[in-house]
Each structure stands twice: as C-alpha cells, then as structure tokens.
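Chains as they are written, first to last, in my numbering: chain X, 4 to 299; chain G, 4 to 299. Beta carbons: idealized from backbone N, C-alpha and C, even for Gly. See structure below.
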DNA sequence: CCATGTGATACTTTTAAGATATCGCCTTCA
DNA sequence: TGAAGGCGATATCTTAAAAGTATCACATGG
C-alpha cells in the first residue's frame, strides 16, 4: 500500500507486480475499513487526501516495524537479546570509568551484541542522531544538540607533566599559573576538541594564555614529547599511571582543571538495552567512586 | 499471531475463530520466513522460544501501530489534525469577528497546527493561489481573482472622528457630506488598500472628494492625529472603543459607509481542515451577531 | 494400557486475491 | 472539434492461498 505514493495507480500496480484493478480494489477496501478516502482520483492520476498524507508515514512505519520484529526474533534466536553500538571520543578512555562501564555491561549482558567505535565528539553526536550509534561517551562542548540526553557526568582531574630537568620538577604541587611562560605540548584539536578546549579554558581561568609549541600526534604521546624537553603539559591524572621515563607528574594546587565527560543517548530512546546500558554506567560510576574512597 | 501467547495452539485457534491446523500452518510459514522457531512444541502445549519472546512485543506493537495509522487517517479526514495557514490584512482585526473566529477555531481544533500572517490584501490573494496560505481575511476590492471563493462577508460600519475643539464636535449624528470641506487624516494606501478605497468611495457617494491632508503611519494612530488637530477622519466603529483624549466619535447619519470584510479560500479547496475553518467562521459570526442583538 | 490432549500431516473446500477485458471520463493534440 | 491515449472503475473469470475435515503420531496420566 505504501507504494501508491507513485501517484499513479497503474504504475504503482506494475511496481508491486500486480494489475491495476486488484490494486484499485485493495485501496477501495482499505478506504472502506478506515472510513475515509485516502486518494483523490483525478482525471490524470491520483493525489493524497489529508487522510492519505497522514496515513502514508504510519504505513511506512508499520513495514519498518515488521522488519524490525523479524530482525529482533533472529537476533534472539542466535542467543543475542539485542545489540548496542557504543561510540567514544578518544580521550574518554583516560577516565577509568569508561572501560569499567563497558566491561561491566559486557559481562552482565553477555548476550547483547556489542560494538565499539572511536570518533571525535561532533561526529559521535551526528551519528547518534542518525541512529548509527546508540550511546556515546563524549567531551561535552557548547552546542551539543537538543536531540540527545546526557545521562552520566564525570570529570577527569588533570595533572601537570614536566621534564625531569625542569627547575620546578621537584615541587610537590604547583599552581597552574606557574606554567604561564612555558611552551605547552598539546595534541591536534581535531583529536579531541572538547578536551582541548577544556585545557585551554583552565589556563585562561588561571590567568594566562598557554603558548602552544610542538603538537603531539596523540594524547598518549604527550608525555614522551615532554620527556625530550619539547615543553610542559597538563594531562588527565590517569595518565600518570603510564610510566614514562624522564618526566615528573605534579599535582595541581588551587583550582584543578578537569575535562568533563558525558554519556549521551537519543532523547527519545525507548530500547531497554540502551536503558540498561545507561543504568549500568551510573551504577559502575558509583561503585568506582566508593572504591576510591575506601582505598584512600 | 499475537494470540498464540495462549500457549496452546488449539485454544488459540479457537480464540481467533479458525481451526488448529490452519494456525499451525500459519506459524510454520511465519517461522520459515523468519528463519527461526518461535515456539517450542511440547507434549502438553507450547512455549515461546527466545526468538518468540522477542517477537511477541514487536508483533503487538505492529497491531497497535496499525490501529494508530487508521486513527490518524480518520482524524486527518475530519480535519482534526493537520495544518492551516491563515492570512489577514492589517485592518481586518478591527472587526472583532476576526479574532473571535481565530480563537474559536484554535480552541475547538487545538490539534491543528495554526499559523497566522499579516500582509496586504493583494499579496494575501497571490499567496493563497500559490498555496502558501489556506484562508485569508481580506478587504475585497474590484478584481479579486476568480480562483478564490469568499465564504464570509461582513461589514465594519464606520464612525466620524473629530477633534474636541471642532465646531461640529457636539453633534449627535452627522451626515457624511458635513465633512466635505475638511482635511482628512487617513493612512498610507499600502497599509490597507481595500479599506482605503472603501473610505474614499463612501465620500464620493456622499457627493464630495475628500481632501487628504496628513497621513497617519497606521490606522490605529489616526485618532491621535485627529486629536492634535491635523484634520478629521472616519474609522471603523470598533476603534471608538479605544479611548483617545481630545477626540469625539460621532455616528454617521444617512448612508453609513462600511468597509467590507471577506474570508477567501481557494475555489477548489477540498481540505476538511479549511472547510472546518470556514464553517467555524460563519458560526462565530452568527453567534456574535446574536449576542450583539440581545445585548442592545 | 488405554483415554485424553497435544501439534503435525494429508486432503478437500472455500474464499479471497489476481488476471483479463471493457467501460466511462477527462485531457490533449491534430 | 473530434479522435487518441491515459486514467481509474467495474464486471467476470481464474487461480492460489487460506480455512476446514479427518486422521496420525506422540506424549502423559489415571
């Protein structure tokens, strides 16, 4: 029936592989059942009535839903009670909550088909709205679309990285503005725009404009660049666990800048799988926070 | 199919009013199409497989959506949902029937998306024919296209406005030709050509050519211009309700000029939404007329 | 061990969907 | 203006899919 959008009964009938009279009958029967005309018959074809215009997208939705029903049955038969496609921006993995969430979910819902992809925040949001991803870990920026809902918020505290030979490298803590005159080793803004902007903003709040020197290809290689004396930097505290010879990590005194992290899903999401994922995310974050408290 | 939740083929078949063998066949065919078993056949009945469990809610959703599709088509056919784009010429709002119609329609058909635009009569008619507007309140002039149909006709009676200091300002009523030698305060013809022409025509019928003096920027500011002595004018009776100090409103004796008002739609209009709008317009006009009669 | 209830199978009947031929209507182009 | 061609509606016939009937095979439970 969704084929009569052709606006010509004869051609539409040919398209579905039946004759024109049976199609006319089908439409007549359908109109009788509904109790309203869907098409206005003209001398040179047909056009949709208001009712037809309203009915067409619904009809399409039904066909789509039928296909989904079939697919979900097939997946269930394979022992997979569903699928979730998770995206993350590269810097998100520095917050240990992200891998923890993913592991916890995969363990708890082993039957769910799980796919994971890395892309910049902006692209993640785009793909989320295009229904190509279901949940994305992002660095929230200014204009995150209204179509998404952020269900988890966390912050990655940062830490200063200095070369061993640096005059300040023996300090226990440093205020951020101690780095005012230094050259900064950062990463290409495209590799993590939200994260990048958070760092710059933190420096500005500390009262100086960071001087960007050499750019490291990835966030993980910043420490190596610092080690060979290309400048100083600030990185997520988590990265201090990676032992890079030739650098010193120094806690930040005063206002500690932090990179914000969020888990975004579609605002109108109804799938229970995805809801389970966000619930798992929140639970994992809480349990991780508790562990840290007790460990310290 | 959503009936096999009964967990017993025989009873389920009875429930849908067919025999057990046909139901078995239907389910076998469906399972073949999906490529997975939906039921596990037991000696004493049947139970849902994982695939079946996943399929059942989807199947229910399809039936629900089919019903929704039907309902939304019916609503659209009744004109209870959809969109209507209404235009009006600026002076139309002086006739209280226009806002009354709009309010009554929006209240009665709250689900209909309603847009309202102001433009000169000529432009309204043009946009009506180009299918950019659906119904327009206009001041009908000479050559209103043949493609439109006027479904409502009303008249705005007019009233004379004089400055308080004017020698005639104490009169109870005045014939229009008493203003023959006066300077008239009107408005730019572009602000309401049909209305403007109605005023000029009324003067000519009264036997004189009005002398146009200062032009007020809008119709509503005519009274203020009159108050400061820039001339006399005639305005819709409705405007006498706006209390402007320094003016006197005086009823017109003899042939009272009136600005004509019409509601135009496309001649070949079929949309029930728009028909509902014109019907509501006529009804509102009637009820308003009755209220006035009883009130006086 | 047989009565009972389950779904599957084989076959017939019925119904509804599709094919064919034709009609009436309107547009269009000569 | 009038014949041709394209449109959907209608009538009738044909066919294929759904439903009905009878029966089977297999469990279970008294």
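For residue 68 of chain X, the uninterrupted alpha helix (DSSP H) run begins and ends at 53 to 80, by DSSP. Taking 9 Å as the cut-off, the beta carbon of residue 195 of chain X is found no closer than this to the beta carbon of residue 263 of chain X. For residue 38 of chain X, the neighbours in chain G by C-beta distance under 7 Å run, in chain order, 77.
Within chain X, 76 have C-beta atoms less than 8 Å from the C-beta of residue 41 of chain G, given in sequence order.
Taken through DSSP and simplified to helix, strand or coil, residue 160 of chain X comes out as strand. For a Cβ distance threshold of 7 Å, nothing in chain X lies close to residue 111 of chain G: the least Cβ distance comes to about 17 Å. Counting every other CB atom within 10 Å of its CB across the protein chains shown gives residue 245 of chain G a total below 16, marking it as exposed. Here the C-alpha atom of residue 51 of chain G lies approximately 29 Å from the C-alpha atom of residue 72 of chain G. Taken in chain order, the complete beta strand (DSSP E) segments of 3 residues or longer contained in the stretch 181 to 223 of chain X are 186 to 189, 214 to 218. Using a Cβ-Cβ cut-off of 9 Å, residue 54 of chain X counts as an interface residue toward chain G, since at least one Cβ of chain G sits closer than that to its own.
For residue 65 of chain X, a Cβ of chain G is located within less than 9 Å of the residue's own Cβ.
Taking residue 275 of chain X as reference, the option from X:57, X:166, X:86, X:126 with the minimal CA-CA separation is X:86. A straight line joining the alpha-carbon of residue 27 of chain G with that of residue 11 of chain G spans about 11 Å. Among the residues facing chain G, residue 80 of chain X is included, as its CB has a counterpart in that chain under 9 Å away. For residue 89 of chain G, the closest alpha carbon among the candidates G:132, G:53, G:74 is that of G:132. For residue 69 of chain X, the closest C-alpha among the options G:74, G:34, G:70, G:61 is that of G:61. In terms of beta-carbon proximity, residue 61 of chain X lines the interface with chain G, with at least one pair separated by less than 9 Å. Annotated three-state conformation of residue 277 of chain G is helix, per DSSP. If you draw a straight line from the Cα of residue 200 of chain G to the Cα of residue 162 of chain G, it is about 16 Å long. Shown here, residue 129 of chain X sits in a helix according to DSSP, grouped into three states. Residues of the stretch 254 to 275 of chain G that bring their beta carbon within less than 7 Å of a beta carbon in chain X comprise 273, 274, 275, in sequence order. 9 Å or more divides the Cβ of residue 45 of chain X from the Cβ of residue 58 of chain X. Taking C-beta separations shorter than 7 Å and ignoring five residues to either side along the sequence, the partners of residue 111 of chain X in its chain run 283, following chain order. In the DSSP assignment, residue 30 of chain G falls within the unbroken alpha helix (DSSP H) covering 23 to 37. In this structure residue 213 of chain G is in contact with residue 203 of chain G, their Cβ atoms being roughly 6 Å apart against a cut-off of 8 Å.
Taking a cut-off of 8 Å on C-beta distances, the stretch 163 to 178 of chain X touches the stretch 250 to 265 of chain X, as three or more cross pairs fall below it. Residues of chain G whose Cβ lies closer than 9 Å to the Cβ of residue 73 of chain X are, in chain order, 36, 37, 38, 58, 61.
For residue 243 of chain X, no Cβ of chain G is located within less than 9 Å of the residue's own Cβ. Beta-bridge analysis with DSSP links residue 253 of chain G to G:163.
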